[in-house]
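What the sequence shown shows, in this note's numbering, is residues 48 to 256, in sequence order.
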Amino acid sequence: MITLYSMPSSGNSYKVRLLLAHLNVPYNHVAVEYDGDSTLTRTDDFLTKNPAGKVPTVEFDNGECLSESNAILHYFGEGTRFVPQDRLTRARMYQWMFFEQNFHESTVAVRSAVYVYPQREMDRSPERLAALLDAGHKALDIMEAQLSNGPYLAGGSLSLADICLYGYTHSAENGGFDISSRKGIVQWINRVREEPGHVTLDWLPQPTF
Ligand SMILES: N[C@@H](CCC(=O)N[C@@H](CS)C(=O)NCC(=O)O)C(=O)O
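(1) Report the three-state DSSP secondary structure of serine 153 (helix, strand or coil).
(2) What does DSSP give as the partner residues of serine 53 in its beta bridges?
(3) Alanine 208 and alanine 219: beta carbons closer than 8 Å?
(4) Is the CB-CB distance between leucine 157 and serine 56 below 8 Å?
(5) So, with DSSP's three-state summary, where would you put glutamate 106?
(6) List the whole-angstrom C-beta distance separating valine 130 from serine 206, where the pair is believed to meet the contact cut-off of C-beta under 8 Å.
(7) Would you check if the distance between the CB atom of leucine 248 and the CB atom of tyrosine 61 is smaller than 8 Å?
(8) Just mark threonine 216 as buried or exposed, buried being the case when its beta carbon has 16 or more other beta carbons within 10 Å.
(9) Got a sec? Which residues, its chain only, sit under 7 Å from valine 63 by beta carbon, not counting five neighbours each side?
(10) Nearest CA to the CA of cysteine 112: which residue from Val79, Lys230, Gly124, Thr95?
(11) Do you know how far the Cα of leucine 66 is from the Cα of glycine 58?
(12) List the endpoints of the continuous beta strand (DSSP E) containing serine 114.
(13) Does DSSP put leucine 87 in a helix, a strand or coil?
(14) Could you check whether the Cβ of valine 230 sits closer than 7 Å to any heavy atom belonging to ligand 1?
(15) Is the separation between the beta-carbon of phenylalanine 123 and that of valine 72 shorter than 8 Å?
(16) Can you give the Cα-Cα distance for glycine 110 and glycine 214, rounded to whole angstroms?
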């Protein structure tokens, strides 16, 4: 059985847990939280699995490992209903997933992390918080423009792009972002949440041992 190293409180890890839940993929879960110098991601053993020292990271039965949340989504999502058949719609799904890592994660997720994790306290300067708020609202406006015109980010049904961007958008208010005035995003959050098989951020699989 595969092992997923993931951070229970993190949107990047949640994306993977959400897709695996939708696909009913069983896995061992190893929880990783910030724990100073003893954080699991800093150990020599973990660094052989992912030299970047980050989660989510998947370890397969044969010892092969895969990291980067969106690469993991791609690995498990390929050939399922979460990857559109149409070439352009599929490319648009990837467009949103690259946007997530380039623009949304570095603003919306980072501002929330700065508030939530005491370890990020040094990043709480007023200038930095203001810049992140401004840039994060721009990222949310870009999503809002799409979601005011269609039910999902790419095509007419839930795709990897929605699973990917839901991770940090549904909890963006933790970072001080205004979601409630963005009606397209509000309705999309409800739509994603109502999809059969959905699990919440705090859901973790039962231990298998
Ligand atoms: N681009 C990476 C980002 C991964 C990442 O930043 N993970 C954070 C949690 S959100 C982490 O592992 N932090 C623990 C650490 O740095 O030790 C992805 O999408 O997987």
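Using N, Cα and C, we set each Cβ at its ideal position, and we do this for glycine too.
So, from the listed chains and residues:
(1) helix
(2) Ala78
(3) no
(4) According to the sequence provided, residue 157 is valine. The question's leucine does not apply to it. Taking 8 Å as the Cβ cut-off, valine 157 and serine 56 do not qualify as a contacting pair.
(5) strand
(6) 7 Å
(7) yes
(8) buried
(9) Leu51, Ser53, Pro103, Ser116, Ile119, Leu120
(10) Thr95
(11) 12 Å
(12) 112–114
(13) helix
(14) A quick correction: the sequence has lysine, not valine, at residue 230. Lysine 230: no, Cβ never under 7 Å from ligand 1.
(15) yes
(16) 27 Å
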